[in-house]
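Everything below concerns the one structure shown next.
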Amino acid sequence: MAKIIGGIGTAHVPAIGAAVDHGKQGEDYWKDFFAGIEPCKEWIKQNKPDVCFIVYNDHASSFSLENISTFTIGVADEFEPADEGYGPRKVPSVQGHSEFAWHIAESLILSEFDLTISNKMDVDHGLTVPLSIAYDQPDEWPCKVIPFAVNVIQYPPPTANRCYQLGKALRKAIDSFGEDITVAVFGTGGMSHQLQGERAGLINKEFDIDFLNSLVSDPAELAKQPHTHFIREAGSEGIEMIMWLIMRGAMDDQVEEKYRFYHVPVSNTGYGLTILENK
Amino acid sequence: MREPREYDDIPGTYILDGQHSRKGYHLNMFCMSLNKADNRDAFRADEAKYLEQFPMTAEQSKAILDRDFLGLLRLGGNIYYTFKLAIFDGLSMQHAGAAMSGNGMSFEEFRDMMLAGGRSIENNRSKTNEVQEYPKWPK
Numbered sequence: 078m079a080k081i082i083g084g085i086g087t088a089h090v091p092a093i094g095a096a097v098d099h100g101k102q103g104e105d106y107w108k109d110f111f112a113g114i115e116p117c118k119e120w121i122k123q124n125k126p127d128v129c130f131i132v133y134n135d136h137a138s139s140f141s142l143e144n145i146s147t148f149t150i151g152v153a154d155e156f157e158p159a160d161e162g163y164g165p166r167k168v169p170s171v172q173g174h175s176e177f178a179w180h181i182a183e184s185l186i187l188s189e190f191d192l193t194i195s196n197k198m199d200v201d202h203g204l205t206v207p208l209s210i211a212y213d214q215p216d217e218w219p220c221k222v223i224p225f226a227v228n229v230i231q232y233p234p235p236t237a238n239r240c241y242q243l244g245k246a247l248r249k250a251i252d253s254f255g256e257d258i259t260v261a262v263f264g265t266g267g268m269s270h271q272l273q274g275e276r277a278g279l280i281n282k283e284f285d286i287d288f289l290n291s292l293v294s295d296p297a298e299l300a301k302q303p304h305t306h307f308i309r310e311a312g313s314e315g316i317e318m319i320m321w322l323i324m325r326g327a328m329d330d331q332v333e334e335k336y337r338f339y340h341v342p343v344s345n346t347g348y349g350l351t352i353l354e355n356k
Numbered sequence: 055m056r057e058p059r060e061y062d063d064i065p066g067t068y069i070l071d072g073q074h075s076r077k078g079y080h081l082n083m084f085c086m087s088l089n090k091a092d093n094r095d096a097f098r099a100d101e102a103k104y105l106e107q108f109p110m111t112a113e114q115s116k117a118i119l120d121r122d123f124l125g126l127l128r129l130g131g132n133i134y135y136t137f138k139l140a141i142f143d144g145l146s147m148q149h150a151g152a153a154m155s156g157n158g159m160s161f162e163e164f165r166d167m168m169l170a171g172g173r174s175i176e177n178n179r180s181k182t183n184e185v186q187e188y189p190k191w192p193k
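As they're listed, the protein sequences go chains A and B.
Under the numbering used here, the first residue of the first sequence is numbered 78, with each subsequent residue one higher.
Under the numbering used here, the first residue of the second sequence is numbered 55, with each subsequent residue one higher.
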């Protein structure tokens, strides 16, 4: 049967992808950051997940205001890097796991999470930056990937609780897939940042650290927080942190935090990384 | 007009809710069109002419031509869309951030603010300064 071996929470700041793509890892601005994410690469090397289920958001790349879907699962065999306005990132195309993705889609819908199912979508930095953080720059990504996109742009996004409950249903879907494969679930986005308006540049380290602590010890309380709490405290784009709760919901109630790294700033963002394993 | 909402109280923040999305739909879809290289070329060749295909208000078109990043938000734009215009101009999110700060902040000042830990949450929670106590996650 499929087995979940870990949950990874990480911000997906596009500047990280640009730094990798342009070989800037050793520059003063970046060296502490890249040293800090090294244990994630080590964890991946040791644990070699067959499939990465990556919860992320599209940033007006593949999806627009024409059709707005709250949750979208990618069931294709392959996903190409999206052109976000500067040409696509020069990273390998992403290989899907269509059979497993369809199993998850059916299971989640029967658990009353009414997904949109996508056979064709490009994936933007929200998905490819976490892959760069985990795998650096391989010729091919050494895992299959199931993209799971969450609307966090058009208000209202799903509630934190909806994400947490979806994670629990995702766990059932993973556990009930008949193939003997290992799965890592990524919750991405955040942490505190506001890109827009007169409050642009907002970072709230205290909030981020509390979030990381509660994610381990008391995710049900995090799941009760309303949108406005995230927007006010973590910035309008900090609302992306609700996506980490899908990952957390898929883990056991009791988890061990194997690694944590927090770094300010990465571009305009508070960067956080956590690696969780079931106890 | 919609009813007042809790997040209206957050300073310097433009939430893309239903009414904002209605107002900014064509503006945002213009920005989205810049994802395609052919469209970027056409916009570069004649910006005003390119905009004619999008049924926007004169004010919205002017804000695009003027690169008024704060104005674009007020006219229905959302940052993930309007940032496409900054990308088109070869500008970073920190350039856009400085432009939207609305107080004449330069790129260098914005960059330095980020290096120093970002814009503080203190005195930035509420327009009315009523919500200044940071509510801890209940333990």
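Ideal placement from N, C-alpha and C gives every residue a C-beta, glycine not left out.
Q | Spatial distance of Met86/B from Gly274/A (CA atoms) | A | Using only the alpha carbons, I get a separation of about 19 Å.
Q. Any beta-carbon of chain A closer than 8 Å to the one on Phe164/B?
A. Interface residue, yes.
Q.
Please report whether the beta-carbon of Leu145/B lies at a distance below 8 Å from any beta-carbon of chain A.
A. Chain A contact via Cβ: absent.
Q | Entirely enclosed beta strand (DSSP E) segments - the stretch 119 to 179 of chain A, minimum 3 residues | A | Within the stretch 119 to 179 of chain A, the complete beta strand (DSSP E) runs of at least 3 residues are 128 to 133, 148 to 151.
Q) chain A partners of Phe108/B, CB-CB under 7 Å? A) Per Cβ cutoff of 7 Å: no residues; Phe108/B is ~13 Å from chain A at best.
Q. Counting along the chain, where does the beta strand (DSSP E) carrying Ile225/A start and finish?
A. Note on residue identity: the sequence assigns Phe, not Ile, to residue 225/A. Element bounds for Phe225/A: 221 to 227.
Q.
With distance defined between alpha-carbon atoms, name the residue in Arg276/A, Ser291/A, Lys335/A nearest to Phe164/B.
A. With respect to the C-alpha of Phe164/B, the residue from Arg276/A, Ser291/A, Lys335/A having the closest C-alpha is Arg276/A.
Q: Take Asn132/B as the anchor and find which of Ser313/A, Gly94/A, Ala226/A, Ala300/A has the nearest alpha-carbon.
A: It is Ser313/A whose Cα lies nearest to the Cα of Asn132/B.
Q: Answer yes or no: do Thr261/A and Ile85/A have a C-beta to C-beta separation smaller than 8 Å?
A: According to the sequence shown, residue 261/A is Ala rather than Thr. Yes, the pair counts as a contact, with Cβ atoms nearer than the cut-off.
Q: For the stretch 148 to 180 of chain B, enumerate the residues whose C-beta is nearer than 7 Å to any C-beta of chain A, in chain order.
A: Along the stretch 148 to 180 of chain B, the positions whose C-beta sits under 7 Å from a C-beta of chain A are Gln148, Gly151, Met154, Ser155, Gly156, Phe164, Met167, Met168, Leu169, Gly171, Gly172, Arg173, Ile175, Asn178, Arg179, read in chain order.
Q: Report the rounded CA-to-CA distance for Asn157/B versus Leu88/B, giving the unit in angstroms.
A: When rounded, the distance between both Cα atoms is 28 Å.
Q.
I need the straight-line Cα distance from Asn196/A to Leu124/B, nearest angstrom please.
A. Looking at the backbone, the Cα of Asn196/A and that of Leu124/B are separated by about 37 Å.
Q) Hey, is Gln242/A's beta-carbon within less than 8 Å of any beta-carbon in chain B? A) Not one chain B Cβ lies under 8 Å of Gln242/A.
Q.
Taking the beta carbon of Asp199/A as the centre, do at least 16 other beta carbons fall within 10 Å, making it buried, or is it exposed?
A. Asp199/A comes out buried.
Q: Consider the Cβ of Leu353/A: report whether some Cβ of chain B lies at a distance smaller than 8 Å.
A: The C-beta of Leu353/A comes no closer than 8 Å to any C-beta of chain B.
Q) What distance in whole Å lies between the Cβ atoms of Asn82/B and Leu372/A, which are believed to be in contact at a cut-off of 8 Å? A) Residue 372/A lies beyond the residue range present for chain A, which begins at 78 and ends at 356; the question has no answer from this structure.
(Q) Let me see if you follow: with CB-CB separation under 8 Å, is Leu127/B close to chain A or not? (A) Interface criterion met: the Cβ of Leu127/B is under 8 Å from a Cβ in chain A.
**Q.** Reference Met268/A; option with closest CA among Glu256/A, Ala250/A, Asp287/A
**A.** Asp287/A is the residue among Glu256/A, Ala250/A, Asp287/A whose C-alpha sits nearest the C-alpha of Met268/A.
Q.
Quick check: what's the CA-CA separation for Ser138/A versus Asp160/A?
A. Their backbone Cα atoms lie some 7 Å apart in a straight line.
Q: Quick one: residues in its chain with C-beta nearer than 7 Å to the C-beta of His174/A, no 5 flanking neighbours on either side, listed in chain order?
A: Val128, Lys221, Ile223.
Q) With 16 other CB atoms within 10 Å as the buried threshold, where does Arg325/A fall? A) For Arg325/A, the number of other beta carbons within 10 angstroms of its own is at least 16, and it is reported as buried.
Q: Starting from the Cα of Glu115/A, find the closest Cα among Arg337/A, Asn355/A, Pro342/A and give me that residue.
A: With distances taken between Cα atoms, Glu115/A lies closest to Arg337/A.
Q) Do you know offhand how far Ser344/A's Cα is from Glu298/A's? A) Each residue's Cα considered, the two are about 30 Å apart.
**Q.** Collapsed DSSP secondary structure at Leu353/A in the structure displayed
**A.** Strand at Leu353/A.
**Q.** Gly94/A, DSSP secondary structure in three states
**A.** Three-state result, Gly94/A: helix.
Q: Establish whether the CB of Pro192/B and some CB of chain A are separated by less than 8 Å.
A: Low local confidence applies: a pLDDT of 48 at Pro192/B is under 50, so the model's placement there is unreliable, with the coordinate-based value given in what follows. With a threshold of 8 Å between beta carbons, Pro192/B makes contact with chain A.
Q. By how many angstroms is the C-alpha of Thr305/A removed from the C-alpha of Glu60/B?
A. Straight-line Cα distance between these residues: approximately 7 Å.
Q.
Using C-beta distances below 6 Å, list every residue in its chain close to Trp179/A, excluding the 5 sequence neighbours before and after it, in chain order.
A. For Trp179/A, same chain residues with a beta-carbon under 6 Å away, outside a window of 5 residues either side, are Val152 in chain order.
(Q) For the beta strand (DSSP E) containing Phe164/B, name the first residue and the last one. (A) It is not in any beta strand (DSSP E) - Phe164/B instead sits in the alpha helix (DSSP H) that spans 161 to 169.
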